[in-house]
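J.: Protein chains in written order, with this note's numbering: chain V, 5 to 494; chain F, 108 to 253; chain D, 8 to 87; chain P, 54 to 176; chain U, 679 to 1164. I have a structure I would like to understand better, so I am pasting it below and will then ask my questions one at a time.
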Amino acid sequence: MDRFLNPMALAVFLPLLLAVAIYILEQRSWRIRNGLAVASAGISFILLATYLGDVRSGAVIVLELPNVLPPLGLSFRLDYLSMLGGLVVTGVWFLVSVYATEYMIKEHAKKRFYPFLVLTLAGAVGVMLSADLFTFFLFFELMSLSAYVLVVHEESPEAMRAGYKYLIMTIIGGLALFFSIIAVYEMSGSVAFVPGGYLTQGGLLANLAFIGFLVGFGIKAGIVPFHVWLPEAHPVAPSPASALLSGVMLKTGVIGLIRVTHQVFTIDLVRNSNWNTVMLVFASVTIVLGSAVAITEDDIKRRLAYSSIGQMGYILLGIGLLQERAMVGAIFHIFAHAVMKSALFLTAGAVIYRKGKRSVKDWGGIGREMFPTMVVFTIAALSMIGIPPLIGFVSKWELSLGALDNRGYAFVGLLLLSSLMNFVYYFPIIQNAFFGNRKHGEKALNIEAAPAMLVPMIVLACFIVFTALVPGNFALDLARKAAAQLFLYK
Amino acid sequence: MTDMVLETVARIIIPFIQLFGAYVLMHGHLTPGGGFSGGTIIGASLILYSMVFRFSPRKHRIEHDTSLLFEAGGAILYILMGLLGILFSKSFLTNRGIFPLGVPGELISGGMIVVITLGIGMKVAGTVITLFQELLEGGGEHHGHN
Amino acid sequence: MLALINLLLLLFLITCAIIVARTRDLLSAVIVFGAYSMGMAIIWQQLHSPDIAITEAAIGAGATSLLFLAAISRTRRYEE
Amino acid sequence: MAIIEKLSTNLYYLVAIILFIIGFHTMLTHNNLIKKIMGMNIMDTSLFLFFVSIGYRRGGIAPIIKEGIVEYVNPVPSALILTGIVISLSFTAFALGLVILLYKHYGTLDADKIIAMRSREIG
Amino acid sequence: MVHAPVLIVVTLLLAAFIVPLLYRKLPVAQVVFLLGIVISSIFSIRMAFLVLREGTLTYYLGGWLPPYGIEVVADAFGAYASLVLALISLPISYFVVFAPKEVNTPARYMALILLLMAAMQGMVLAGDLFNLFVFIEICSLSAIAIIAVKGTRDSIEASFRYLVLSALGSGGILFAIALIFMITGHLNMGYVRESLAVTASLYPLNILTALAFIFVGFSVKAAIFPLHVWLPEAHSNAPTASSALLSGLVVKAYLVAFIRIMYMVIGTELFVALPLRPILLILAACAMLVGSTFAIVQNNIKRMLAYSTVAQMGYIVLGLGLFSQRALEGSILHILNHAITKSLLFLAAGVIIKQTGTNRLSDLKGMGRKMPFTFAAFTVGSLSMVGIPGFAGFVSKLYLALGALDIGQIIFAALILVSSLLNATYYFPIVVNAFFGQTEATHQGSDPRKSVMAPLAVFALAVVFMGLFPSVVMPLVRQAAGLLQP
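Listed below in structure tokens is the structure:
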């Protein structure tokens, strides 16, 4: 029983319990419900943060539950990567939950939304902290399936259609992962994440396993061509849910890929089997296509969704380069993109909430009416484009350096091209919002978003601006250490 | 409609059939026959009875409850006999040490086999009657297990 | 001699079985079926299995035929 | 010649199998439901015949206690057949009960007609 | 001497004969019914513990030793199967008593269920072919009867079809037993096995014929792929509790008997020497694909579940064909997992049909909001069927897939995935449409009272529990699988 009373176990299992508690207690009062929903993410964040010092000094905290689901069992671990992932997940989740308490007032079926919001959090935290593939898979499925409820929340026909696509893709991804996991287990007798990896033998089964991982994680991460559900599902969800889907849940896919390529397969095997080339090809296609399609989209949330696809390409690029510097960029971008994209979705949500305007063409003059919101939007967008000293720049910088180390000049070009495209689809929005005009005959309505919505956005904006400026940047530090650990056994 | 000839013949023949059935039943452990055949013979005689006298003013058929009682009672008797073995801390359906085994070849022998055979006979006779009557009248479902 | 009787009985069985299968009058089929069962019982007696034989005589020829009769009386006698 | 010899020694088996085939055929192909049940009975009795003839070959004397006989044949198969007969009676009775109910619902004993009626209702 | 193996059956039989006597006093009959099931289950659980601790239990009826006496054998496999039967029957019998009546003769219905349970328990514990056959027949008869007892035209038609095919199957099995007896001169399983080891090479044709007949006979009874034709009609037209029993337990009891004969009587050596494993694998593959495909196109909820049973039986057979230790463990575990899950689904479907008055899947849109608990139970069952981790169905699939990879059959591991996907395409739309979407519910309906919901809740919890802690039964499963594979 002692094992369950340490903060790490609580961080994983508390949201699970709270999801049930919320379901039971929400019959009584909506205040308790909202409070618990916010608290669950906050408490998890604090619990994880208590370990920050330990982890940064190199300690690894482990929790094993071998009796659950033999022969594989559950196990959790806090290392650099899971620390960063866990903090990003719980931190962003906390802010978004605060935002949601205000945003969801207008929505229906709140009794369903909050328990599943917390359940999804439980899945996401479990994914980040898991120490083996099987635990990872278990929480991955929990997260994906509970997120379905968030996706179809509106229950409009489009939402149902998108949700169905999401569900089927999730199941296909889950089955692909399932296959790969049992293949790994078959080949090695273990599914743990071991620093340096342990699968050295290639062959048919190993190739199939890698394909399975690529498909399974690729579907979650929105890698082209497995992205088809993403631009449908993210826009139809309520904005807080979109922020979480784009900001947090996509990252679980790439975290999985990082874990698999470095801690299950050995780097040599990945390189010898040319899987890194495969990843680079997918990454390039994803970066170009995601950004290109984003330009053509008119709906703000769809544009942001495609932008997410492009950004996930960066991370995949960082993984595929198989190079420490690039990995630092990839891992840091997990943090950076989570913060930026959440901020963007939240601001977009605030505008939609106040004005009901989804099309970017209608955003003329909004910057004057909702000034703080649009400032946050601008900061996040500039960071996306990669303007120094915002955090988006840091990850691109590291990625480019990594690519140059590998003589991958083409990839640097690709990153520049992508930045340009980002500029093309973000800048007109900003310009229009601040300097454009309202549509003819529309009255000015100076309603700013409510504080509960505004504060989380501003906090995120602060992260975007100041993380890179503060000396001893904790995220970059963790990313560096995580990457160093991954490449330690080269 | 009654049939004089049929009724008279039946009156004479039915006791003999039943006697034969009883003989077959009770000598199950000595000669060919036993619970199944003896029970069927007795049951058939009762069916004959109810068929022949179905138009006579008197009560012409075996009541459903009666045959049900026989049917279930026989089986329960069998099982209780079996449980006796466990009660005497031997194995289920044991035949040693509960009833005197008697001399082989005589009627009262074979321990409790006679009782068990009687149980089977009751069960089978009851079942045959139930089946026949239900087929003729109810046409419903029944559990035709023996 | 015994072998011949057995052979004849077996032939009788096959004939009865074919008749049962072919005839369109269900009532005659039942009666032939009773004869079939009886023949079967005799063969079993010949094969030194008297207790099975007596059971077959009582149940196969007796009870089963009775049940068939009851069923036919409730439905129809001829096949369509 | 050898074939005939073989046949004569295995006559009971042969007849049992012929009867089995007749029963099986009747059961599967005959349209009349009562006929199907008769086929089932023929099939069952043929199997019992098969069993009894096996026992006959091996044993030779009925398992009844008599003076001077020490070895008895295995009583288990004959108990099996006995139970089998009773079970086949139960099956028959139950099947006939169902047939009567089907007749009440459809007014026919013809399997094809019943299927045709059903498919007409569904379609 | 431990009496538990025989008392399991005897208690049920005794109750089965007492219950119909009490048809005028229904409450008393219900008490006897529940008592019978509960006491027998307690014996069963006790026996499982004993077997786990002390190994195989044998019991000689009347103290007569084989080959003449009747032997009851409770090895790990039998004890496991008996445990499954007992555990699943408890909530179902509770449902029989407390759910709204679907039959006119409840006392008779309860007696039939007791008889069915006794026959199934006897089937998995019988130590000789004679008793095995007798119990198979009783089981067939009572299984048919609990379909027909509903009394509707469709149920009678379905049960007659089942009866005819079942009788053919019984004939085949009896013929096979006769052939085995012909070769070995024994009916006791242990003796048959010993004798076959010597005589099998002398009479290869007889053994082959016997195997073929056993295979066909049990294929019919256990609804293994091409001979499953009776199953959808029979299982979908039965009363709710019967459907749960039939799909959850009866087909599996036959399969257990089949496994016992194939692996423990005929013997693994012969089994491996003949090309039976490829046949089993192909049949299983067909069952999984065809069953699921047919399930997709159904609009009747119970028929869909019935076709899903065909597919799921394919999983169990697949493990038998793969024949690696882990695959066998998966198969044996799936017997329990599918029993729990399918019972849950059938009970939920029965409640849905009863409350809404419709059995069409297309009419169930939006009903989840009116009957949240029933549909939540259905959802849990669906998740388990699809094989979502954390639910029972996943664990057995995991073991099966690992077992497939153990012997290098990647294609069958992939088949499990494809089949899971197919499962998802027919289970998830029901759940999704019930809870989400803007379509208004077209039918009335609400959750039934708590006493009816209790068995569903128990099964749903069991599904989750088995999904997370299969280690509870794994020792027994491992022993059982070890028995099959020498």
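Glycine included, every Cβ here is placed at the ideal spot set by N, Cα and C.
One question on the structure: do U/GLY1068 and V/LEU142 come within less than 8 Å of each other, judged by their Cβ atoms?
T.: yes
J.: Smallest Cα separation from V/MET374: which of V/GLY390, V/ALA151, V/ALA352?
T.: V/ALA352
J.: For chain C, check one thing: does any of its Cβ atoms lie closer than 8 Å to the Cβ of D/MET45?
T.: The chain inventory of the structure shown lacks chain C, comprising the protein chains V, F, D, P and U.
J.: Taking Cβ positions only, does F/VAL235 come closer than 8 Å to chain D?
T.: yes
J.: Determine which residues of the region 1076–1089 of chain U have a Cβ less than 8 Å from any Cβ of chain V, and write them out in chain order.
T.: LEU1076, ALA1079, LEU1080, LEU1083, ASP1084, ILE1088
J.: Give the single residue among V/TRP233, V/PHE221, V/LEU326 whose Cα lies nearest to the Cα of V/LEU171.
T.: Across the set V/TRP233, V/PHE221, V/LEU326, the C-alpha of V/TRP233 shows the shortest separation from the C-alpha of V/LEU171.
J.: For the region 838–850 of chain U, which residues have a beta carbon sitting closer than 7 Å to at least one beta carbon of chain P?
T.: PHE838, LEU841, VAL842, ALA845, LEU846, GLY849
J.: Below 8 Å on the Cβ atoms is my contact criterion, and I expect V/THR270 with V/GLY324 to pass it. Report the Cβ-Cβ distance as a whole number of Å.
T.: Between V/GLY324 and V/THR270 the Cβ distance is about 16 Å, and since that is not below 8 Å, they are no contact.
J.: Mind checking if P/ILE168 is an interface residue toward chain D, Cβ cutoff 8 Å exclusive?
T.: no
J.: Quick check: is the beta carbon of P/ILE140 nearer than 8 Å to any beta carbon in chain U?
T.: P/ILE140 counts as touching chain U.
J.: Can you tell me which of the three DSSP states V/PHE3 falls into?
T.: What the structure shows of chain V is the stretch from 5 to 494, and residue 3 of chain V is not part of that stretch, so it cannot be assessed.
J.: Within 10 angstroms of its Cβ, does P/GLY112 collect 16 or more other Cβ (buried), or is it exposed?
T.: Unreliable positioning characterises P/GLY112 in this predicted model, as indicated by a pLDDT of 46, which lies under 50. The coordinate reading is nonetheless provided below. Label assigned to P/GLY112: buried.
J.: Where do the ends of the alpha helix (DSSP H) carrying V/TYR84 lie?
T.: 84–107
J.: So within the region 694–732 of chain U, which uninterrupted alpha helix (DSSP H) runs reach at least 4 residues, ignoring any that extend past its ends?
T.: You should have 704–732.
J.: In chain order, what residues of the same chain have a beta carbon less than 6 Å from the beta carbon of F/ILE154, not counting five sequence neighbours either side?
T.: PHE239
J.: Take the Cβ of U/LYS1020 as the centre, count every other Cβ of all protein chains shown within 10 Å, and call the residue buried at 16 or more, exposed below.
T.: buried
J.: Please return the same chain residues whose Cβ sits closer than 6 Å to the Cβ of F/VAL222, not counting the five positions on each side in sequence.
T.: MET188
J.: Just to confirm, is the Cβ distance from V/THR139 to V/PHE182 under 8 Å?
T.: no
J.: List, in chain order, every chain P residue whose beta-carbon is nearer than 7 Å to that of D/SER4.
T.: With chain D covering only 8 through 87, there is no way to say anything about residue 4 of chain D.
J.: Given a cut-off of 8 Å on the beta-carbon distance, is the pair P/LYS89 and U/VAL842 in contact?
T.: yes
J.: Among V/LEU321, V/ASN278, V/VAL198, which one has its Cα closest to the Cα of V/VAL268?
T.: Each of V/LEU321, V/ASN278, V/VAL198 was checked against the Cα of V/VAL268, and the nearest Cα belongs to V/VAL198.
J.: Look at the alpha carbon of D/THR22 and the alpha carbon of U/PRO705, and state the distance between them as a whole number of angstroms.
T.: U/PRO705 has its alpha-carbon roughly 54 Å from the corresponding atom of D/THR22.
J.: Am I right that V/VAL122 and V/ALA180 are in contact with their C-beta atoms under 8 Å? What's the rounded C-beta distance?
T.: About 27 Å; that fails the 8 Å criterion.
J.: Please work out which residues of its chain come closer than 6 Å, Cβ to Cβ, to D/GLY41, disregarding the five sequence neighbours upstream and downstream, and give them in chain order.
T.: ALA68, SER72
J.: Apart from the five residues on each side of it in sequence, which residues of its chain come closer than 7 Å, Cβ to Cβ, to F/GLY180?
T.: MET229
J.: Between the region 133–165 of chain P and chain D, which residues of the former have CB atoms less than 7 Å from a CB of the latter, in chain order?
T.: ILE134, LEU135, ILE138, VAL139, LEU142, THR145, ALA146, LEU149, VAL152, ILE153, TYR156, THR161, LEU162, ASP163
J.: For the beta strand (DSSP E) that contains V/ILE65, what are its first and last residues?
T.: 65–69
J.: So, do the region 169–177 of chain F and the region 163–172 of chain P have three or more beta carbon pairs nearer to each other than 8 Å?
T.: A contact between stretches requires three or more CB pairs, one per stretch, nearer than 8 Å, and the region 169–177 of chain F fails this requirement with the region 163–172 of chain P.
J.: With H, G and I counted as helix, E and B as strand and the rest as coil, what does DSSP make of U/GLU749?
T.: Strand at U/GLU749.
J.: Put U/SER897 into one of helix, strand or coil per three-state DSSP.
T.: helix
J.: Looking only at its own chain, which residues have a Cβ that is under 6 Å from the Cβ of P/ILE122, when we skip the five neighbours before and after it?
T.: In this prediction, P/ILE122 scores a pLDDT of 49, lower than 50, which makes its location untrustworthy; the coordinate-derived value is nonetheless stated afterwards. Contacts found: none.
J.: Strictly below 8 Å CB to CB, what residues from chain P border D/LEU17?
T.: LEU64, TYR65, VAL68
J.: Between U/THR1117 and the rest of its own chain, which residues show a CB-CB distance below 8 Å, the 5 nearest in sequence each way excluded?
T.: For U/THR1117, where only same-chain residues beyond five positions count, the Cβ hits under 8 Å are LYS1043, GLY1044, ASN1111.
J.: Could you round the C-beta distance between V/ALA163 and V/VAL100 to whole angstroms and report it? I think they count as a contact, below 8 Å.
T.: Not really, about 19 Å apart at Cβ, beyond 8 Å.
J.: Figure out for me which residue from U/ILE696, U/SER1002, U/ALA962, U/PHE1056 has the closest Cα to the Cα of U/LEU793.
T.: U/ILE696
J.: Of all the CB atoms in chain U, is at least one closer than 8 Å to the CB of P/VAL123?
T.: Low per-residue confidence applies at P/VAL123: pLDDT is 48, beneath 50, and the placement is therefore not dependable, though the value from the model is reported in the following sentence. Chain U contact via Cβ: absent.
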